[in-house]
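Asks: Below you will find the structure I want to go over with you.
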Amino acid sequence: MATVNNPSPLHSPILKLKSLLAKPLCIISPTYPGFLRRATTSLPKPLLSKCSSSNSSRESETSNNLKDALSGMVDKQVEDLLNREDNRALFDGLEKASQRVERAKRDLAEIERQELEAKQLRNYINQLESRASEIAECQQEILEAKTKVEEAEQFLSESIGREEGTNIEPERLESIKAASISAVVGTLAGLPFFFTQVTDIVQLALPLATTFISCALFGVTFRYAVRRDLENFQLKSGTCAAFGFVKGLGTLAGGPPLELNPASLLSRGFDGGVYVSENLLIFAFAAVSLDLCFKMGLLSPFPMQQQNS
Numbered sequence: 001m002a003t004v005n006n007p008s009p010l011h012s013p014i015l016k017l018k019s020l021l022a023k024p025l026c027i028i029s030p031t032y033p034g035f036l037r038r039a040t041t042s043l044p045k046p047l048l049s050k051c052s053s054s055n056s057s058r059e060s061e062t063s064n065n066l067k068d069a070l071s072g073m074v075d076k077q078v079e080d081l082l083n084r085e086d087n088r089a090l091f092d093g094l095e096k097a098s099q100r101v102e103r104a105k106r107d108l109a110e111i112e113r114q115e116l117e118a119k120q121l122r123n124y125i126n127q128l129e130s131r132a133s134e135i136a137e138c139q140q141e142i143l144e145a146k147t148k149v150e151e152a153e154q155f156l157s158e159s160i161g162r163e164e165g166t167n168i169e170p171e172r173l174e175s176i177k178a179a180s181i182s183a184v185v186g187t188l189a190g191l192p193f194f195f196t197q198v199t200d201i202v203q204l205a206l207p208l209a210t211t212f213i214s215c216a217l218f219g220v221t222f223r224y225a226v227r228r229d230l231e232n233f234q235l236k237s238g239t240c241a242a243f244g245f246v247k248g249l250g251t252l253a254g255g256p257p258l259e260l261n262p263a264s265l266l267s268r269g270f271d272g273g274v275y276v277s278e279n280l281l282i283f284a285f286a287a288v289s290l291d292l293c294f295k296m297g298l299l300s301p302f303p304m305q306q307q308n309s
């Protein structure tokens, strides 16, 4: 019960009274007239000390007896107060009231704890709501990104479809035209060089055939290499130089074997320079003719679709 572990407020005055009685009582000795004090002072000192010690022992015994008597009287009065019926009912009511106060305190502490938990729960819910809003925004951004990606893929597929749907036959026809123009112009440009190297018409067939085929390949390559960058002089001249060096050095390699003497080295070096120069001029004439056809509109650069768009 609460009365055993935690005393009720009713018993606190009684306990205070008992604690006061537990302290030693101080009995003040009565005052005597002045002549008695003067009479006692005239007595010898050993007699005075003996009398004072006997008086102090009697006073202590008297105070102890008085304290015991008062304590017994107070205990009896307290028991009488507690044993009365009207006081007992009052004590029971006070005890019940104190119990109700304790229960109210416990309930209040429980309510405060629940309020704290509710506050923490509200904070957690607010955090979840904020995170939910952030997640919703991220999902919206992801959807927008997916939409853009789908649009880009659709545009790319359409572009690829248009490129694949381009008619290949006109491109092939333009490449054949470029090869024909380059072959004819290059072969005509190489005739003066060939006439100086052969003695009859039969010997002229082989260099004409090789020049015709190489210039035809040069025309197709030139169209695909230059594409629509017609003003790029370095690209056009580089293509001519590459074909000229390859064909000239190939012609030099097909000649007699090289001998390890200065005369042979000088002769082969001179022949290599002549062959490379001749082929550079041949492919230069072919490149100029193709460039002129591009600019005049007789020949379409690659690809034709960009030109039509």
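The end of the sequence shown is residue 309 by UniProt numbering, with every number in the run present. Virtual Cβ for every residue (Gly too), placed ideally from N, Cα, C.
DSSP on V78, reduced to helix/strand/coil?
Replies: Stepping through the sequence shown from its first residue, residue 78 is reached at position 78. It is helical.
Asks: Buried or exposed for V185, please, with buried defined as at least 16 other CB atoms from any protein chain shown within 10 angstroms of its CB.
Replies: To locate residue 185, count along the sequence shown from 1; it is residue 185. V185 should be labelled buried.
Asks: Please work out which residues of its chain come closer than 6 Å, Cβ to Cβ, to G297, disregarding the five sequence neighbours upstream and downstream, and give them in chain order.
Replies: As a working mapping, residue 297 is identified with position 297 in the sequence shown. Answer for G297: no residue qualifies.
Asks: Excluding sequence positions up to five away, which residues of its chain have a Cβ less than 6 Å from the Cβ of C240?
Replies: On the sequence shown, residue 240 is found 240 positions in, with the first residue counted as 1. If we look at C240 and ignore the five residues flanking it on each side, its Cβ neighbours are F283, A284, A287.
Asks: At which residues does the alpha helix (DSSP H) containing F233 begin and terminate?
Replies: Walking along the sequence shown from the start, residue 233 turns up at place 233. Unbroken alpha helix (DSSP H) run through F233: 233-253.
Asks: Extract the residue ranges of the beta strand (DSSP E) inside the region 108-166, only unbroken runs of 3 or more that lie entirely within it.
Replies: You should have found no qualifying run.
Asks: Following the continuous alpha helix (DSSP H) through R268, name the residue where it begins and the one where it ends.
Replies: Here residue 268 is taken as the residue at index 268 of the sequence shown, counted from 1. Per DSSP, R268 belongs to the alpha helix (DSSP H) from 262-296.
Asks: With a Cβ-Cβ cutoff of 9 Å, do residue 351 and I181 count as a contact?
Replies: As displayed, the chain neither begins before 1 nor continues past 309, which places residue 351 out of reach and without an answer.
Asks: Going by C-alpha to C-alpha distance, which of E231, K236, A209 sits closest to T221?
Replies: By 1-based counting over the sequence shown, the position of residue 221 is 221. Comparing Cα-Cα distances from T221 to each of E231, K236, A209, the minimum goes to K236.
Asks: Given a cut-off of 9 Å, decide if L292 and R223 are closer than it, judged by their beta-carbon atoms.
Replies: Here residue 223 refers to the residue found at position 223 of the sequence shown. Here residue 292 refers to the residue found at position 292 of the sequence shown. It is not a contact, given that the beta carbons lie outside the stated cut-off.
Asks: Could you check what DSSP says for E95 in three-state terms: helix, strand or coil?
Replies: Translated into positions along the sequence shown, residue 95 becomes position 95. Residue state, collapsed to three classes: helix.
Asks: Give the DSSP-derived three-state secondary structure of L299 in the structure shown.
Replies: By one-based count along the sequence shown, residue 299 stands at place 299. Coil, per DSSP.
Asks: Using DSSP with H/G/I as helix, E/B as strand and the rest coil, what is Q197?
Replies: Start at 1 with the first residue of the sequence shown, and residue 197 comes out as number 197. Coil.
Asks: Pairs of beta-carbons, one from the region 267-280 and one from the region 200-209, closer than 8 Å: are there three or more?
Replies: No contact exists between the region 267-280 and the region 200-209.
Asks: Is P256 helix, strand or coil when you go by DSSP?
Replies: Residue numbering aside, residue 256 sits at position 256 when the sequence shown is read from its first letter. Coil at P256, not helix or strand.
Asks: On the premise that F302 lies in contact with E144, defined as a C-beta separation below 8 Å, what is that separation, rounded to the nearest angstrom?
Replies: Residue 144 sits at position 144 when you count from the first residue of the sequence shown. Residue 302 sits at position 302 when you count from the first residue of the sequence shown. Not a contact, Cβ separation roughly 39 Å.
Asks: Go ahead and pull the three-state DSSP assignment for R228.
Replies: As a first step, residue 228 is located in the sequence shown; it is residue number 228 there, counting from the start. Of the three classes helix, strand and coil, the one that applies to R228 here is coil, per DSSP.
Asks: Can you tell me whether V226 is buried or exposed? The criterion is at least 16 other CB atoms within 10 Å of its CB, across all chains shown.
Replies: Taking the sequence shown and counting its residues from 1, the one referred to as residue 226 is at position 226. With 16 or more Cβ atoms within 10 Å of its Cβ, V226 is classed as buried.
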